[in-house]
Each structure stands twice: as C-alpha cells, then as structure tokens.
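Participant: Each residue of the sequence shown is one higher than the one before, counting from 1 in the numbering used here.
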Amino acid sequence: RIIARLKFRESCKEAFKMLQILTLPSLYILETTLFCIFKCPLTSGRDIHSYDTRGRDTYRAGRYRTGVFEHLPSQARVRFLNKLPDSLRNASTPKVLKSRLK
Numbered sequence: 001r002i003i004a005r006l007k008f009r010e011s012c013k014e015a016f017k018m019l020q021i022l023t024l025p026s027l028y029i030l031e032t033t034l035f036c037i038f039k040c041p042l043t044s045g046r047d048i049h050s051y052d053t054r055g056r057d058t059y060r061a062g063r064y065r066t067g068v069f070e071h072l073p074s075q076a077r078v079r080f081l082n083k084l085p086d087s088l089r090n091a092s093t094p095k096v097l098k099s100r101l102k
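(1) Cβ of L34 within 7 Å of any heavy atom in the ligand PLP?
(2) Quick check: the Cα distance between G62 and K13, rounded to an integer number of angstroms?
(3) Could you tell me the distance, in whole angstroms, from the CA atom of L19 to the CA atom of P94?
(4) Since E168 is in the alpha helix (DSSP H), which residue starts that stretch and which ends it?
(5) Short of 7 Å in beta carbon distance, which residues of its chain neighbour A15, apart from the five on each side in sequence? Order them along the chain.
(6) How about I37 and L97: do their beta carbons lie closer than 8 Å?
(7) In terms of alpha-carbon separation, which member of L30, E70 and N90 lies closest to T58?
(8) Restricting to Cα atoms, I'd like to know which of D86, L81 and G55 is closest to L30.
(9) Please classify T109: is it buried, with 16 or more other beta-carbons within 10 angstroms of its beta-carbon, or exposed?
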C-alpha cells in the first residue's frame with residue numbers, strides 16, 4: 001500500500017498487477033514448486049509399480065507415522081506439483097517454468 005500510495009481501505013489487487021508483485025501466498029507456492037521440481041528427489045506412481053492406474057503420473061509424498069508431517073513444506077510441494085497441468089510439470093528449465101507460473 002505504501003509503494004502504490006493507496007489508502008487503508010483501497011484494494012491492492014490492481015496495484016500488485018501494475019507493479020508485477022506477487023502476493024505472499026503466491027510467492028510461497030512459486031518458490032516451493034520451483035525448488036521441488038529442480039532440487040528434490042520425486043517419486044511417481046510409475047516408479048513404484050507398472051500398473052495402469054489413474055494416479056500413475058502423480059508424485060507421491062513420503063509416508064509418516066503422525067499427522068504433523070502433513071503440514072511440512074516438503075509435503076506441500078508435492079501437493080502443489082500434483083495440481084499443476086502436465087505441460088507445466090514437464091518444463092525443461094526453471095526459467096521457463098517460472099515465466100509460465102507467473
């Protein structure tokens with residue numbers, strides 16, 4: 001609001017678009033997705049078995065004994081990746097993926 005000189009009750013949506021700034025949740029999703037695709041070892045259904053199942057191309061998150069691990073960034077990364085379309089998931093370089101995700 002300070003950068004765009006907006007008043008307290010004015011919407012930031014148009015100012016963010018004009019200044020090309022991502023919101024904090026959008027930035028978190030972008031960075032975790034980029035990190036996971038290019039730095040993390042990922043396991044998909046086809047790595048585990050050879051059956052033609054519906055979730056064969058989705059990535060698998062690690063299994064843990066307690067539910068506390070469901071909220072870790074490492075688990076969120078896999079959820080974000082599975083929600084991406086295949087064209088984005090198979091991007092060749094981080095620069096291409098980043099430009100398409102924005």
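Glycine included, each C-beta is placed from N, C-alpha and C at the ideal position.
Facilitator: Quick answer:
(1) Ligands in the displayed structure: none, and consequently the ligand PLP is not present.
(2) By one-based count along the sequence shown, residue 62 stands at place 62. By one-based count along the sequence shown, residue 13 stands at place 13. Taking the straight line joining both Cα atoms gives about 36 Å.
(3) Position 19 of the sequence shown, counting from 1, holds the residue named residue 19. Position 94 of the sequence shown, counting from 1, holds the residue named residue 94. So the two alpha carbons sit approximately 22 Å from each other.
(4) No information on residue 168 is available, as it lies outside the stretch 1 to 102 that the chain covers here.
(5) Translated into the one-based positions of the sequence shown, residue 15 becomes position 15. Correct list, in chain order: A4 and L6.
(6) What you label residue 37 is simply residue 37 of the sequence shown in a count that begins at 1. What you label residue 97 is simply residue 97 of the sequence shown in a count that begins at 1. Yes, the pair counts as a contact, with Cβ atoms nearer than the cut-off.
(7) To locate residue 58, count along the sequence shown from 1; it is residue 58. Of the listed residues, the one whose Cα sits closest to T58 is N90.
(8) The count along the sequence shown starts at 1 and reaches residue 30 at position 30. Of the listed residues, the one whose Cα sits closest to L30 is L81.
(9) Residue 109 lies beyond the range of the chain shown here (1 to 102); nothing can be said about it.
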